[in-house]
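Trainee:
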Amino acid sequence: MPVKVVLREINKIGFPLTLSLRDSQHSIPYSTTSPRIRLRGRTTEDLVRRYNQIASDDIYASSRLSGYLFIFTAYCVLFVSSFQAKNSGLQVQNDLTLSTWKFWCTFYGSLGFMITMVVTVAAHFDSFLCPRLWRCIFKLGSKGECVFLSVLVTFAIFLVYCSTSTNGLGGFAALNYNVYFSSWAGLVACCYTMDLWLTDSAKVQTMIDLLLKSAVKTDYNWACTLFFSVVTLLSQLDTMIVTKVIYMKSSQIMLLSSGASIGCCIFAVIMNASCTSPRSQWHKLEGVLLIALSSFWTWVVVRFTGAMGLINGPSNNYFGVWGTFFYSVSTFSVWIKENKPFCGSVS
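In my numbering, the protein residues as written are 27 to 373.
(1) Just reading off the alpha helix (DSSP H) that I362 is part of, what are its end residues?
(2) Thinking just about the alpha-carbon of each residue, which of C301, S300, V257, D152 is nearest to the one in S287?
(3) Mapping DSSP to helix, strand and coil, what is N338?
(4) Pull up the distance between the alpha-carbon of W130 and that of F358, whole angstroms please.
(5) Grouping DSSP H, G and I as helix and E and B as strand, with all else coil, what is N247?
(6) For the structure I just gave you, are there three or more beta carbon pairs, one from the segment 298-307 and one from the segment 336-351, closer than 8 angstroms?
(7) Taking all protein chains shown into account, decide if T126 is buried (16 or more other Cβ within 10 angstroms of its Cβ) or exposed.
(8) Which same chain residues, not among the five before or five after D152, have their C-beta less than 7 angstroms away from its C-beta?
(9) Let's test the definition: count the other Cβ atoms within 10 Å of the Cβ of V230 and tell me whether it reaches 16, buried, or not, exposed.
(10) Got a sec? Which residues, its chain only, sit under 7 angstroms from S108 by beta carbon, not counting five neighbours each side?
(11) Looking at L336 and S276, is the spacing between their C-beta atoms short of 8 angstroms?
(12) Taking Cβ positions only, does L281 come closer than 8 angstroms to chain D?
(13) Taking C-beta to C-beta, are A182 and G212 nearer than 8 angstroms?
(14) Which residues bound the alpha helix (DSSP H) around K112?
(15) In the DSSP assignment, find the unbroken alpha helix (DSSP H) run with K169 in it and report its ends.
(16) Which value, in whole angstroms, describes the spacing of the CA atoms of C451 and F207?
(17) Spatial neighbours of M140 within its chain, please: CB distance less than 7 angstroms, with the 5 preceding and 5 following residues excluded, ordered by chain position.
(18) Can you tell me which of L185, V326, G170, G285 puts its alpha carbon nearest to the alpha carbon of W210?
(19) Does the beta-carbon distance from N247 to Y353 come in below 8 angstroms?
(20) Rounded C-beta distance between K243 and C188? I'm assuming under 8 angstroms.
(21) Output needed for F96: all residues of its chain with C-beta closer than 6 angstroms, excluding positions within five of it in sequence on either side, in chain order.
(22) So the candidates are K239, G197, T350; which of them puts its Cα closest to the Cα of G285?
(23) Classify C156 as helix, strand or coil using the three-state DSSP reduction.
(24) Specify the secondary structure class of Q307 as computed by DSSP and reduced to three states.
(25) Under 8 angstroms by Cβ, that's how I've got V347 and T331 pegged, so tell me the actual separation to the nearest angstrom.
(26) Residues in the same chain with beta-carbon distance under 6 angstroms from T232, minus the five sequence neighbours each way, listed in chain order, please.
(27) When the distance is taken between beta carbons, is F198 closer than 8 angstroms to L263?
(28) Since G289 is in the alpha helix (DSSP H), which residue starts that stretch and which ends it?
(29) With a Cβ-Cβ cutoff of 8 angstroms, do D245 and V295 count as a contact?
(30) Can you have a look at V360 and say buried or exposed, based on whether 16 or more other CB atoms are within 10 angstroms of its CB?
(31) What is the C-beta distance between V268 and S320, in whole angstroms, given that I count them as a contact (C-beta under 8 angstroms)?
(32) Would you give the residue range spanned by the alpha helix (DSSP H) that K128 belongs to?
(33) Is DSSP giving Q262 helix, strand or coil here?
(34) Does L122 come out as helix, strand or coil in the three-state DSSP assignment?
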């Protein structure tokens, strides 16, 4: 391998170069004051530059490879669970009709993801068929890999909808929990791999990094509350459409509560970005809003997630409600920690 040749030639002459790991990539640091030694007509700077170029093209050491393996594992579980459900006759629960097209999307979609990941992982180690093509697509900083990952995330979101909706294989219609959790795990794996590309190749901070490093500590918790509120709203809409129970009072309460929570989260994030002056009284209003929000979602959890409640059992509705409750309370605790002087004066 060319890298070994370079290192072997350097070791022969005893040149004091060291190999280090920086930003998950191999690079050889060297001093500009070091003597320029020629090896077969090349200076030490040429050798170091060539080594760093080779290291950046070695896709078999790509940090995204672990993400692709994670995706393969998740969709392998999803495919096996779908295959077993198909052979067992697609048993239906809760007097609901299993959507045929959603089932086949889940079945063939997971199979497609598996085949794609097998080819992707094999391409990282291919040195015979078309290694130059794979290096062009999957090398560090490749725009082609960014497009590839964006397509994976898009299809993963679609599979989550097909698998976990009310009349999907992982929803209330069939209650196949392996399908439910593996479809969400596949989406998380795709987003995780996309995050690796953004941090390693584009050298940009992701939205999560920006929220965690925000000057206002409650921004991250508000964003998480917003995410779970959106999941609750969309899943409740899906349930109402599938079951055709639109005028049920409890369903309307769930719909209005999640919609109001989304509005509060968006309003809070905008106010946190706008009211940065120390004289601003927004932090007091934020505390009142968080008390009301966390109290309301505590009541929702007690009222609607019990054994005889509207939402009982692992589903998008269930985890959406509990996620919104958890992050509304945690946002309030972060607010208390951030506003200790104000809370002390009040007490």
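Beta carbons are placed, not taken as given, at the ideal position from N, Cα and C, and that holds for glycine.
Mentor: The short version:
(1) Stepping through the sequence shown from its first residue, residue 362 is reached at position 336. For I362, the enclosing alpha helix (DSSP H) begins and ends at 342-364.
(2) Residue 287 sits at position 261 when you count from the first residue of the sequence shown. The residue among C301, S300, V257, D152 with its C-alpha nearest the C-alpha of S287 is V257.
(3) Along the sequence shown, one-based indexing puts residue 338 at 312. Looking at N338 - three-state DSSP - the assignment turns out to be coil, as it is neither helix nor strand.
(4) Here residue 130 corresponds to residue number 104 of the sequence shown, with the count starting at 1. Here residue 358 corresponds to residue number 332 of the sequence shown, with the count starting at 1. Taking the CA atoms as reference points, W130 sits about 43 angstroms from F358.
(5) On the sequence shown, position 221 is the one that residue 247 refers to. Assigned with DSSP and collapsed to three states, N247 falls in helix.
(6) Look at the beta carbons and you see the segment 298-307 not touching the segment 336-351: under three pairs across the two are nearer than 8 angstroms.
(7) Within the sequence shown, numbered from 1, the residue matching residue 126 stands at position 100. So T126 ends up on the exposed side.
(8) Residue 152 sits at position 126 when you count from the first residue of the sequence shown. Residues of the same chain with a CB within less than 7 angstroms of the CB of D152, apart from the 5 flanking positions on each side, are W160 in chain order.
(9) For this step, residue 230 is matched to residue 204 along the sequence shown. Exposed is the call here.
(10) If you number the sequence shown from 1, residue 108 lands on position 82. Counting only Cβ-Cβ distances below 7 angstroms, and skipping sequence neighbours, we find T132, F133, S136, L195, V205.
(11) On the sequence shown, position 250 is the one that residue 276 refers to. On the sequence shown, position 310 is the one that residue 336 refers to. The criterion of a C-beta distance shorter than 8 angstroms is satisfied by S276 and L336.
(12) This model lacks chain D altogether, as it is built from one protein chain only.
(13) Mapped onto the sequence shown, residue 182 falls at position 156. Mapped onto the sequence shown, residue 212 falls at position 186. A182 places its beta carbon less than 8 angstroms from that of G212.
(14) As a first step, residue 112 is located in the sequence shown; it is residue number 86 there, counting from the start. For K112, the enclosing alpha helix (DSSP H) has its first and last residue at 90-113.
(15) Here the question's residue 169 lines up with position 143 in the sequence shown. For K169, the uninterrupted alpha helix (DSSP H) run begins and ends at 169-190, by DSSP.
(16) No answer is possible for residue 451: it lies beyond the span of the chain, which begins at 27 and ends at 373.
(17) As a working note, residue 140 is residue 114 in the sequence shown. The beta carbon of M140 sits closer than 7 angstroms to the beta carbons of F98, Y101, C102, F105 from its chain, once the five residues preceding and following it are set aside; these are given in chain order.
(18) Here residue 210 refers to the residue found at position 184 of the sequence shown. Selection L185, V326, G170, G285 evaluated against W210 yields L185 as nearest (Cα-Cα).
(19) Against the sequence shown, residue 247 aligns to sequence position 221. Against the sequence shown, residue 353 aligns to sequence position 327. Y353 is positioned such that its CB atom lies closer than 8 angstroms to that of N247.
(20) Sequence index remark: in the sequence shown, residue 243 carries index 217 (1-based). Sequence index remark: in the sequence shown, residue 188 carries index 162 (1-based). Not really, about 37 angstroms apart at Cβ, beyond 8 angstroms.
(21) By 1-based counting over the sequence shown, the position of residue 96 is 70. If we look at F96 and ignore the five residues flanking it on each side, its Cβ neighbours are A215.
(22) Here the question's residue 285 lines up with position 259 in the sequence shown. The residue among K239, G197, T350 with its C-alpha nearest the C-alpha of G285 is T350.
(23) The count along the sequence shown starts at 1 and reaches residue 156 at position 130. Correct three-state label for C156: coil.
(24) Here residue 307 corresponds to residue number 281 of the sequence shown, with the count starting at 1. Here Q307 sits in coil by DSSP.
(25) The sequence position of residue 347 within the sequence shown is 321, counting from 1. The sequence position of residue 331 within the sequence shown is 305, counting from 1. Between T331 and V347 the Cβ distance is about 6 angstroms, and since that is below 8 angstroms, they are a contact.
(26) As a first step, residue 232 is located in the sequence shown; it is residue number 206 there, counting from the start. D221, L224, listed in sequence order.
(27) On the sequence shown, position 237 is the one that residue 263 refers to. On the sequence shown, position 172 is the one that residue 198 refers to. In this structure, L263 sits away from F198, with a CB-CB distance that is not shorter than 8 angstroms.
(28) For the purposes of this step, residue 289 is taken as the residue at position 263 of the sequence shown. Where G289 is concerned, the enclosing alpha helix (DSSP H) stretches over 275-300.
(29) Position 219 of the sequence shown, counted from the start, is the residue given in the question as residue 245. Position 269 of the sequence shown, counted from the start, is the residue given in the question as residue 295. In this structure, D245 sits near V295, with a CB-CB distance shorter than 8 angstroms.
(30) Stepping through the sequence shown from its first residue, residue 360 is reached at position 334. If you draw a 10 Å sphere on the C-beta of V360, you find 16 or more other C-beta atoms in it, and that means buried.
(31) Position 242 of the sequence shown, counted from the start, is the residue given in the question as residue 268. Position 294 of the sequence shown, counted from the start, is the residue given in the question as residue 320. Wrong, their Cβ atoms sit about 31 angstroms apart, outside the cutoff.
(32) The residue given as residue 128 occupies position 102 in the sequence shown. Taken as a continuous stretch (DSSP letters only), the alpha helix (DSSP H) holding K128 covers 126-151.
(33) For the purposes of this step, residue 262 is taken as residue 236 along the sequence shown, with counting starting at 1. Residue state, collapsed to three classes: helix.
(34) The count along the sequence shown starts at 1 and reaches residue 122 at position 96. DSSP places L122 in coil when its eight states are reduced to three.
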